[in-house]
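Novice: In the working numbering, the protein residues as written are 14 to 510.
#1: Pick out the complete beta strand (DSSP E) segments inside the stretch 362-395, 3 residues or longer, and give them in chain order.
#2: If you run the structure through DSSP and keep just helix, strand and coil, what is residue 220?
#3: Per DSSP, what kind of secondary structure is residue 288 in: helix, strand or coil?
#4: Once DSSP output is grouped into helix, strand and coil, what is the label at residue 441?
#5: In whole angstroms, what is the alpha-carbon distance linking residue 317 and residue 323?
#6: Taking the C-alpha atoms as reference points, what is the distance between residue 222 and residue 367?
#7: Residue 419 by DSSP, collapsed to three states: which one?
#8: Using DSSP with H/G/I as helix, E/B as strand and the rest coil, what is residue 196?
#9: What's the C-alpha gap between residue 476 and residue 376?
#10: Considering only their Cβ atoms, is the gap separating residue 174 from residue 243 smaller than 8 Å?
#11: May I ask which residues mark the beginning and end of the beta strand (DSSP E) holding residue 328?
#12: Is the distance from the Cβ of residue 472 to the Cβ of residue 397 below 8 Å?
#13: Assuming the contact rule is C-beta atoms closer than 8 Å, residue 357 and residue 391 should be a hit. Round their C-beta distance to whole Å, please.
#14: Using DSSP's beta-bridge definition, name the partner residues of residue 112.
#15: Locate the alpha helix (DSSP H) running through residue 300, then write down its first and last residues.
#16: Quick test of your reading: residue 264 and residue 330, contact by CB under 8 Å. State the CB separation rounded to the nearest angstrom.
#17: Quick one: Cα of residue 483 to Cα of residue 123, how far?
#18: Got a sec? Which residues, its chain only, sit under 8 Å from residue 132 by beta carbon, not counting five neighbours each side?
#19: Less than 6 Å between C-beta atoms, sequence neighbours within five positions excluded: which residues of the same chain meet that for residue 99?
#20: Go through its chain and collect everything with a Cβ distance to residue 203's Cβ below 6 Å, but skip five positions before and after it.
#21: Does the stretch 237-253 come close enough to the stretch 429-447 to have 3 or more Cβ pairs within less than 8 Å?
#22: On the CB-based measure, 16 or more other CB atoms within 10 Å of its CB, does residue 39 come out buried or exposed?
#23: So, under 8 Å CB-CB, residue 151 and residue 169 are touching, yes? Tell me the CB distance rounded to an integer number of Å.
#24: Give me the Cβ distance between residue 251 and residue 403, rounded to the nearest whole Å; I'm assuming they're in contact under 8 Å.
#25: Assuming residue 516 contacts residue 413 (C-beta within less than 8 Å), just tell me the rounded distance between them.
#26: If I measure Cβ to Cβ from residue 183 and keep anything under 7 Å in the same chain, skipping five residues before and after, which residues do I get?
#27: Tell me the rounded alpha-carbon separation between residue 481 and residue 291.
#28: Just mark residue 299 as buried or exposed, buried being the case when its beta carbon has 16 or more other beta carbons within 10 Å.
Printed below as a string of structure tokens:
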């Protein structure tokens, strides 16, 4: 009995000593057995039994304790191989048009910059296209845009043209293999290339892009187009709208002034001159220009009703100061900042600081000193300006969008509207509660106490003077060894707002 107790005590001591050694070996590392296979666990139990029986761990056990991970997880933590590049050459291409809308308040214009150091609408569009592997890069897709909007300007309908990856069978008529063939196809060199109008079975371009784009940039639809389609040069007209509250403005006088824009005129006094753009003529054709109430801005006969235009007979003011009106202008093409300059003049007329015939005076070059720039009046704000329509030949564009995607788009836009509506209401209450003034006494068009008529203002640099200064600056840069930056957008005159 005594002998049994001694042997039992010796066994316990050996077992505790072995466990102590195992604990010491595991001090810096805790084994995770959750990922081990059945065979590995059985082998591990046998090794521990050997430790208990012999009092010493096996060499295999020692090696196993020193390892960081169980055998089955070694492969998981090996350095992952670099992903294989997407093979664009394995997919056919097709030309399409995208119908785009965006709120431009947070962006530095539509067009992407050379280095994309500032956020632009196109920089987000290109990022979405390349993220979705729809195009390899910007240059390969033969990109074109209808209207170039500037910083802060929005668009309800902007049209973009580009070549894009297709999921259709490569043998489908009108499809192209190889991105190097997109340029000759657009130029019409590939005479045998047909027009691909197939929509069924194609990728959901709208849904794919909207899942990547910011909420204030939305793709509304896509359309098959001919291979020679150009979003800019195939466009027949552009329509802009400028939204503003009536306040104390004389809307009737503003309408009289706006009608003078219609027709072919020299608008050099209604634009900002960019010497980098090779503009040979400042004549532009305006098809329509008018100011109407919000909701009736597309009804040319709204003033023919029983109540006429609804404006006060003496002051020409709207019945309600916070009623919104819209200046709508349609033309073939517009100069840089032309619409904002046109609206700035209309505001001065509405405030009765200028006569209603001021637009005619500014368009009459004989009324100005020779080779003089435009009077240095202020342009209207860019925030209320929206490109609302791009006009193309009948049946050239047939927009497509999935019904489910349309519902998602509507929900997203309503959420966006709700956020801004709440903010607008809060500011409105702040005006009523803090300012405590009659709305008509609050002019949202800023001005100096002593007003100087437009025709007596100082002059901006003339076109010739701006070009001379630009050339001098380039000469100084070359003398300092600084190469001129090449801007692709500068190859064509900036035609639209």
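From the three backbone atoms N, C-alpha and C, an ideal C-beta is built for every residue, glycine too. Given the structure is predicted, the values throughout are model-derived calculations rather than measurements.
Specialist: In brief:
#1: DSSP runs (the beta strand (DSSP E)) wholly in the stretch 362-395: none.
#2: helix
#3: Reduced to three states, the DSSP call for residue 288 is coil.
#4: helix
#5: 10 Å
#6: Their backbone Cα atoms lie some 48 Å apart in a straight line.
#7: Annotated three-state conformation of residue 419 is helix, per DSSP.
#8: helix
#9: 16 Å
#10: yes
#11: No beta strand (DSSP E) contains residue 328, which DSSP labels as neither H nor E.
#12: no
#13: 6 Å
#14: Paired residue(s): 172 and 234.
#15: Element bounds for residue 300: not the alpha helix (DSSP H) but the beta strand (DSSP E), 296-306.
#16: 7 Å
#17: Each residue's Cα considered, the two are about 24 Å apart.
#18: Same-chain partners within the cutoff: 119, 120 and 121.
#19: 146
#20: 197
#21: no
#22: Note that residue 39 has pLDDT 48, beneath the 50 cutoff, so the model's placement of it is unreliable and the number below is only indicative. Residue 39 should be labelled exposed.
#23: That pair is no contact at about 25 Å.
#24: 6 Å
#25: Because residue 516 is not part of the residues shown, which for the chain are 14 to 510, the question remains open.
#26: 105 and 190
#27: 13 Å
#28: buried
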